[in-house]
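J.: Protein sequences appear in the order of chains D and L. Residue 728 in our numbering sits at position 7 of the first sequence, and the numbers go up by one each step. Residue 159 in our numbering sits at position 155 of the second sequence, and the numbers go up by one each step. Note that the Cβ used here is the ideal one computed from N, Cα and C, for glycine as well.
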Amino acid sequence: MNDSRQGVRDPGTPRPGQRRVLVTGARRVIALELIERLLDQSRVDLVVAVDPGACPARLLGHDPERLVFTSADLSRRRPVDNLFLLEPCRQKPLDTVVHLGFQTNPVRYGATAHEFNVNSTQHLLAAALRHGVEKFIFVSSDAVYKIGPRGDYKIREDGELNLDPGTHPMLRDTIDAEFLCRAKMDDPRCEVMVVRPSGVIGGGTISGFNLLLESHPPVLPVGFDPMINPTTKERLVSDLLLATFLRGKGIYNVAGVIAGPLSRFLEQQGVKAMRVPGPLLRPLNRIQRLLGQSHFHAGFHPKRLYYSLVLDDSRFDRVFRAHADVLEGAVGPDAPERR
Amino acid sequence: MVALDRIDKYGLLRPLLPAREWSRVEAYMLDDCGYGTDVFGTKAEGLGAAYVLAYWLHAHYFRVESAGHDYIPRRSAAVMVSNHSGVLPFDAVMLATDVFRHMDPPRLVRYMVDYFVYRVPFLGTFFRSLGQIPGTRRNFDGLVQEGHLVGIFPEGAAALGKLARQRYELLPFSHGHVELAARHGVPVVPVGIVGAEEQQTMLADLKPLARALRLPYLPVTTTFPWLGPFGLLPKPVRYFIAYGPPLSIDPEALHTMDVRVREVERVREAVREQIRVALLARKQQEYPK
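(1) For G733/D, which of A793/D, G1020/D, F1017/D, R968/D has the nearest alpha-carbon?
(2) I868/D: buried (16+ other C-beta within 10 angstroms of its C-beta) or exposed?
(3) Short of 6 Å in beta carbon distance, which residues of its chain neighbour Q149/L, apart from the five on each side in sequence? Order them along the chain.
(4) Anyone know if the C-beta pair for P906/D and A964/D falls short of 9 Å?
(5) Tell me the DSSP secondary structure of Y55/L in three-state form.
(6) For the alpha helix (DSSP H) holding H106/L, just list the boundary residues, first then last.
(7) Of all the options D794/D, R1025/D, G929/D, which has the alpha carbon lying nearest to the alpha carbon of T842/D?
(8) Quick one: does L127/L have its CB under 9 Å from some CB of chain D?
(9) Taking contact to mean at least 3 C-beta pairs separated by less than 8 Å, is the stretch 250-266 of chain L in contact with the stretch 200-207 of chain L?
(10) Kindly say whether G999/D, judged by its beta-carbon, lies nearer than 9 Å to any beta-carbon of chain L.
(11) Can you pull the chain L residues whose beta carbon is under 8 Å from the beta carbon of Y874/D, in chain order?
(12) Buried or exposed for R79/L, please, with buried defined as at least 16 other CB atoms from any protein chain shown within 10 angstroms of its CB.
(13) Check for me: the alpha helix (DSSP H) holding E297/L runs from which residue to which?
(14) With distance defined between alpha-carbon atoms, name the residue in S792/D, C902/D, F805/D nearest to N840/D.
(15) Report back the beta-carbon spacing between A976/D and T952/D to the nearest angstrom; my notes put them in contact at under 8 Å.
(16) Candidates G248/L, E269/L, R276/L, R169/L: which alpha carbon is nearest T225/L's?
(17) Report buried or exposed for L164/L, applying the criterion of at least 16 other Cβ atoms within 10 angstroms of its Cβ.
(18) What do you get for S919/D, buried or exposed, if any count of 16 or more other CB atoms within 10 angstroms of its CB means buried?
(19) Using a Cβ-Cβ cut-off of 7 Å (strictly less than) and excluding sequence neighbours within five positions of L1005/D, which residues of its own chain qualify?
(20) For N87/L, name the three-state secondary structure that DSSP assigns.
(21) Does the CB of P22/L have a neighbour CB from chain D at under 9 Å?
(22) How would you call K47/L, buried or exposed, if buried means at least 16 neighbouring beta carbons within 10 angstroms?
(23) Out of curiosity, what's the CA-to-CA distance linking I949/D and S1029/D?
(24) Is the Cβ of G920/D closer than 9 Å to any Cβ of chain L?
(25) Relative to chain L, which residues along the stretch 1019-1033 of chain D have a C-beta separation below 8 Å, given in chain order?
(26) Can you find a C-beta in chain A that's less than 9 Å from the C-beta of V83/L?
(27) Relative to chain L, which residues along the stretch 954-978 of chain D have a C-beta separation below 8 Å, given in chain order?
(28) So, under 8 Å CB-CB, V742/D and T817/D are touching, yes? Tell me the CB distance rounded to an integer number of Å.
(29) Can you check whether the CB of L755/D is closer than 9 Å to the CB of L892/D?
(30) Do you know whose CA, among F120/L, H181/L, V154/L, E202/L, lies nearest P220/L's CA?
(31) Does chain L have any CB closer than 9 Å to the CB of F805/D?
(32) Does DSSP classify Y39/L as helix, strand or coil?
(33) Residues in the same chain with beta-carbon distance under 8 Å from L21/L, minus the five sequence neighbours each way, listed in chain order, please.
(34) Return the Cβ separation of H820/D and I858/D in integer angstroms, given the expectation that the two are a contact with Cβ distance under 8 Å.
(35) List the residues that DSSP assigns as beta-bridge partners of F246/L.
(36) If you drop the 5 nearest sequence neighbours on each side, which residues of the same chain put their C-beta closer than 7 Å to that of N883/D?
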């Protein structure tokens, strides 16, 4: 949290030299977008994209000198260590890890997913520190915050976490993974950073809000209209690029420009929601999922549809977005803006 | 900043307000975050519709008389501390309406609201659309930093359930308002409200049932529950509101409990004094010129 601690050199200043970046979870929409944006930057020598599955078609046409795709099981220590020993990495050692390889589907969650989520973070972080990586970025979620009727109008990074034992195990994994990162944040050799993005709307992402928007129809509790400030795929990727190219460690919220009631975002997308009494929400959501009408999981973060969660990302603004000119082509709608 | 120019999309509200009052509604500026609300969730159309109703209650039902508006800061932040009573919080509505009607430019009092309100479907959403947010320290910080008037009832929501025999007796004040005012260096404006205590005659508070329903109180009045939900409606008593000179809080209240207790007592005494002024005005049916 505190940038003034040991090992942080001038947060917000550009990291010198060329970047060699490992991106996990390479089949995720955000990761694909990030990889492509990284390859657009002349100060990126190499991107190593990792995923347990096959190489996505979108990555096939890129320069093999600058993009390497590899399949690896991140839940095991040895394959993770081997990533840093790949032939291209021997000549150009990796200096940045962006960890997006979290299993975020609450439907198929089980012991394997739990092991993958926690172990992959642990092994990646340990290997990154062993191999002299200068920056480790873990992309977490705003779902880690505790929300309820006594919520703050804006949640800062020191907001209360949802440590309720009854929460969805995937959420507990996210918090566990964050704690692993926090334990290493004082390491003087590596800047460990946790990014907590608000939900992403649009672009085919698997964020909760996007899945809700894509449901037929979205089912919401009657009488509640929480405030949210979702981000977009483009803005989140720009934020991750800034985190990659600039110095800074600690925990940062990243959110969208506009804050407003959920109903207004639905209206904006031309989506008409179905309102039901709160107790019917989860059974109806279950039926919808069984019928293939929704991928949204109402049980994952049940209070989200009732209570506001607006992230305060002024800290990220101050340290990173204020130096957005470090990115090549950071103009137009993708350029990080500030309201 | 955008003007509330879309509050009356269908032209239904404008005929219900005198032209002068409508121009006040239009003059209120909302810091739009993009989708017609400010960051606290205040909606332009919600405010407009609520003011139409509140104005009629203020001018014609409760026939509010008030004095001391000069003590309210015109632009900067302040904490408005008042007594609280009346089963349903019409006193809060009347205070906010009174400030909105008498300040130029119009100002909105934002209350620190009890959490239970936000658990109730529609009610929490409605309160938020009027700019009223849960009473947390960070919410208070945000409101004060953005220069708002923050309304606090330090007796708490339980004061709404005061029994008839406790009329115009102040319950013990919580300390939060003094601590927060000292931390931000903002003045506390004491307010006395007279009339709300008579809008309902509270005979008993069914505390065990209230606890079971997670409510701060459950009233038995001369009309409720005998007349059903209608029994909760207030009698058309006349309100008198008195604003007192702003108090600056000793910053030492942040460090010493004795000072904090003393400052809380000073605020309580100032509120009691304003109640006395308002009671006197009621006796004479007007404030002294």
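T.: Reading it off the structure:
(1) R968/D
(2) buried
(3) none
(4) This sequence places Met at residue 906/D; Pro is not what is there. Going by C-beta atoms, M906/D is not nearer than 9 Å to A964/D.
(5) helix
(6) 94-106
(7) D794/D
(8) yes
(9) no
(10) yes
(11) V43, F44, G45, I137, R142, N143, G146
(12) exposed
(13) The question about residue 297/L has no answer here: the residues shown for chain L are numbered 5 through 293.
(14) C902/D
(15) 6 Å
(16) R169/L
(17) buried
(18) buried
(19) V940, V997
(20) coil
(21) no
(22) buried
(23) 6 Å
(24) no
(25) Y1028, S1029, V1031
(26) As a matter of chain content, chain A is missing from the structure shown, whose protein chains are D and L.
(27) V978
(28) 4 Å
(29) no
(30) F120/L
(31) no
(32) coil
(33) V29, Y55, V56, Y59
(34) 7 Å
(35) Per the sequence shown, residue 246/L should be read as Ala rather than Phe. BP columns for A246/L point to A71/L, G196/L.
(36) V865, Y866, K867, L892
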